[in-house]
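In this note's numbering, the protein residues as written are 3 to 104.
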């Protein structure tokens, strides 16, 4: 029996996740999320989405939540802990000159 077990190949190691060093968000970042995103976020952090992103949330938690969501929208199966070292660059949108007030 032990001989049969030794012939079972080791599983392939999971590939290392390649994440960007930084992300760019606009003044109004896209915050769309699914119920499963909310569940994954709670599984990874032990806290609710409101606790992580609401008015009473820590500023770092809000930025990390925004980073986590944006990377998930980009197709990354990212972990909460991975998002703490990703820099966030805020992009200010240029005003539309055709939309001026009289």
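We treat Cβ as the ideally placed atom computed from N, Cα and C, and that holds for glycine.
Note that the coordinates shown come from a computational prediction; the quantities given were computed from them, not determined experimentally.
Spatial distance of residue i from residue j (CA atoms)
i: residue 96; j: residue 27; result: 14 Å
i: residue 8; j: residue 90; result: A caution first: residue 8 carries a pLDDT of 44, below 50, which makes its placement in the model too unreliable to give a value.
i: residue 78; j: residue 92; result: 20 Å
i: residue 71; j: residue 101; result: 31 Å
i: residue 15; j: residue 62; result: Its pLDDT being 43, under 50, residue 15 is placed unreliably by the model, and the measurement read from it follows with that caveat. Between residue 15 and residue 62, the C-alpha separation is close to 32 Å.
i: residue 80; j: residue 58; result: 25 Å
i: residue 50; j: residue 56; result: 10 Å
Selected residue, minimal CA-CA separation from residue i, among the options
i: residue 86; options: 51, 47, 36; result: 47
i: residue 25; options: 59, 69, 57, 43; result: 69
Supposed close pair residue i, residue j - CB separation, criterion 8 Å
i: residue 39; j: residue 88; result: About 17 Å; that fails the 8 Å criterion.
i: residue 54; j: residue 21; result: Rounded, the Cβ-Cβ distance is 19 Å, inconsistent with contact.
Burial state of residue i, where buried means 16 or more other Cβ atoms lie within 10 Å
i: residue 192; result: The question about residue 192 has no answer, for the chain in this structure spans 3 to 104.
i: residue 34; result: exposed
i: residue 11; result: Low local confidence applies: a pLDDT of 49 at residue 11 is under 50, so the model's placement there is unreliable, and no value is given.
i: residue 36; result: exposed
Which residues DSSP lists as bridging residue i, in chain order
i: residue 25; result: 90
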